[in-house]
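Asks:
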Amino acid sequence: MPTLLCHSNDIVDGGARGFDPTAAGRDTVFVVRQGEALFGWHDQCPHEGVTPLPYKRHGYLNKSGSRIVCFAHGAQFDIRTGLCLTGPCKGDSLTPLALFVDGQGQVHCSAGKLAHSLEEKPSRATPECEKRSFSVDSEAAKNECASSSVCL
Ligand code: FES
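The sequence shown begins at 13 in our numbering and counts up one residue at a time.
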């Protein structure tokens, strides 16, 4: 069952925003916007499994906004693939979050395995997981996103 996160306009281009869809008391997933593309990730660093990434709420990106950063030990991740490019978990990946945007521009995530996935150590992204991003206003991309639920 999908869980509403926000309206797509609530995430600024080049920014990131965290969400607490399971009422855990802290943000457990986050979405990064680059132009019309949204990228959803679980807020868990693969270095130590359950460590949240930001140093402050919504602080997922480096100063230039070009990479996702874990502020615990400085790992840096590619925004689009989740792959750790530098840091203590280089080569590991963030856990993707399947997203879709409805006809009103509301962003939803597939919450079926949200709670369960919080207990799992993130694994490397699979080729199927690389489909979890989509264009905000593309019908074809919405269909592609639906197939990415295998990543959760
Ligand atoms: S916990 Fe993220 S880099 Fe160490």
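No residue lacks a Cβ here, since even glycine has one placed at the ideal position from N, Cα and C.
Look up aspartate 114 in the DSSP assignment and say whether it is helix, strand or coil.
Replies: Residue state, collapsed to three classes: coil.
Asks: Could you check if aspartate 104 is buried or exposed, using at least 16 other CB atoms within 10 Å of its CB as the buried criterion?
Replies: By the 10 Å Cβ count, aspartate 104 comes out buried.
Asks: Count the C-beta pairs between the segment 82–94 and the segment 57–64 that are closer than 8 Å, then say yes if the count reaches three, no if not.
Replies: Yes, the segment 82–94 is in contact with the segment 57–64.
Asks: Do glycine 27 and arginine 45 have their C-beta atoms closer together than 8 Å?
Replies: Yes.
Asks: In the structure shown, what three-state DSSP assignment does serine 76 receive?
Replies: Serine 76: coil per DSSP, three-state reduction.
Asks: What distance in whole Å lies between the Cβ atoms of tryptophan 53 and threonine 107, which are believed to be in contact at a cut-off of 8 Å?
Replies: Indeed, because the Cβ distance is near 7 Å, the residues count as touching under 8 Å.
Asks: Please determine whether the Cβ atom of glycine 94 lies at a distance below 7 Å from any heavy atom of ligand 1.
Replies: Incorrect: glycine 94 has no Cβ contact closer than 7 Å to ligand 1.
Asks: Could you tell me whether the Cβ atoms of leucine 95 and valine 43 are closer together than 8 Å?
Replies: No, the Cβ-Cβ distance between leucine 95 and valine 43 is not below 8 Å.
Asks: Measuring CA to CA, which of His120, Leu109, Gly47 is closest to glutamine 56?
Replies: Measuring from the Cα of glutamine 56, the nearest candidate turns out to be Leu109.
Asks: Do leucine 50 and phenylalanine 31 come within 8 Å of each other at the CB atom, strictly closer than that value?
Replies: No, Cβ-Cβ distance for phenylalanine 31 and leucine 50 is not below 8 Å.
Asks: Mind listing, in chain order, the residues whose beta carbon lies closer than 7 Å to a non-hydrogen atom of ligand 1?
Replies: Counting every residue whose Cβ lies closer than 7 Å to a heavy atom of ligand 1, we get Cys57, His59, Glu60, Thr63, Leu65, Cys82, Ala84, His85, Gly86, Ala87, Gly99, Pro100, Cys101.
Asks: Assuming cysteine 121 and histidine 59 form a contact by the criterion Cβ under 8 Å, report the distance between their Cβ atoms to the nearest whole angstrom.
Replies: Not quite, the Cβ-Cβ distance comes to about 23 Å (not below 8 Å), so this is no contact.
Asks: Below 8 Å between beta carbons: does that hold for glycine 99 and glutamine 88?
Replies: Against a cut-off of 8 Å, the Cβ pair of glutamine 88 and glycine 99 comes out as a contact.
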